[in-house]
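Data first, discussion second: the structure below is written as structure tokens.
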Amino acid sequence: GTEREFLHALCFEGGKRGEYLERTTQAVSQYFREQFFSSLEPFPRCEDLLRELTVQGMSLGIISNGQEEFQKTKLALTGLVSYFPIPDRVLISSSFGPAAEKPSQIMYRRFIEKSCCLPQEILFVGDKLSDIVGANLADMVSVWVLQGKAEKYRYEEFKPRLRIEKADYVIQEIGELSSILAETDRR
């Protein structure tokens, strides 16, 4: 039916206010999830870069805030899940509890432990200050990518006051990561 019929059914069927609110909340939530998921796509050049890194034998991982089901759905829908085949290297905060959200060191330390690398050998790419602070606290090499989130618009105004707020590298888009990897390989 039409939106009007749908809303009418939500408002008046059953006649119970609590049931109406619950059904409305679920319907609106479902609508926004569908809209969000239908518009998802990886950053330009992201898949090419992941393919290149995989061919080079680099081990990839993810540290992400959020709900595990939601984040894993995003990975699957973007077609990027195959680049992250090791479950121990896809760490999502909801699996660790509320205290694990970045920049908490809980997920960063677990990632270091599971990667069998020294922290300084791990290049952490993020698009928010909390990503960079967490990576810096963990002694990882931090890369702030200004692509995507609203942070890119605020970065120009952002003046790091503390060392942990300053990224080791700042790039405009994910494709620039190749040059950073080449530079760090020369060290």
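What the sequence shown shows, in the numbering used here, is residues 1413 to 1599, in sequence order. The beta-carbon is built from N, C-alpha and C at its ideal position, and this holds for glycine as well. Every value quoted in this text rests on a predicted model; they were computed, and no experiment measured them.
As for any beta strand (DSSP E) of minimum length 3 sitting wholly inside the segment 1449-1510, the runs are 1474-1476 and 1502-1504, ordered along the chain. In the DSSP assignment, Leu1535 falls outside any alpha helix (DSSP H) and within the unbroken beta strand (DSSP E) covering Leu1535 to Gly1538. For Ile1586, no pairing in a beta bridge is given by DSSP. Ser1542 and Thr1485 have their C-alpha atoms roughly 23 Å apart. By the Cβ rule, the segment 1453-1461 does not count as touching the segment 1515-1529, because fewer than three pairs are nearer than 8 Å. A Cβ-Cβ separation of about 6 Å places Met1519 in contact with Phe1508 under the 8 Å criterion. In this structure, Ser1476 lies near Ile1504, with their beta-carbon atoms less than 9 Å apart. For Ser1516, the three-state secondary structure derived from DSSP is coil.
For the set Gly1587, Glu1569 and Ser1591, the Cα lying nearest the Cα of Leu1462 is the one of Gly1587.
In this structure, the beta-carbon distance from Val1553 to Asp1539 does not fall below 9 Å. Each residue's CA atom was taken as its position, placing Glu1464 and Val1493 some 15 Å apart. As DSSP reads the structure, Tyr1581 sits in a beta bridge with Val1555. Phe1496 is positioned such that its CB atom lies closer than 9 Å to that of Gly1473.
With respect to Leu1549, Pro1515 sits close: the two C-beta atoms are nearer than 9 Å. Only buried fits Gly1546, as 16 or more other CB atoms lie within 10 angstroms of its CB. Contact between Ile1583 and Leu1589 holds, since their C-beta atoms are separated by about 7 Å, short of 8 Å. Between the C-alpha atoms of Ala1579 and Ile1544 there is a straight-line separation of about 6 Å. Under the three-state reduction of DSSP, Pro1572 is assigned to coil, being neither helix nor strand.
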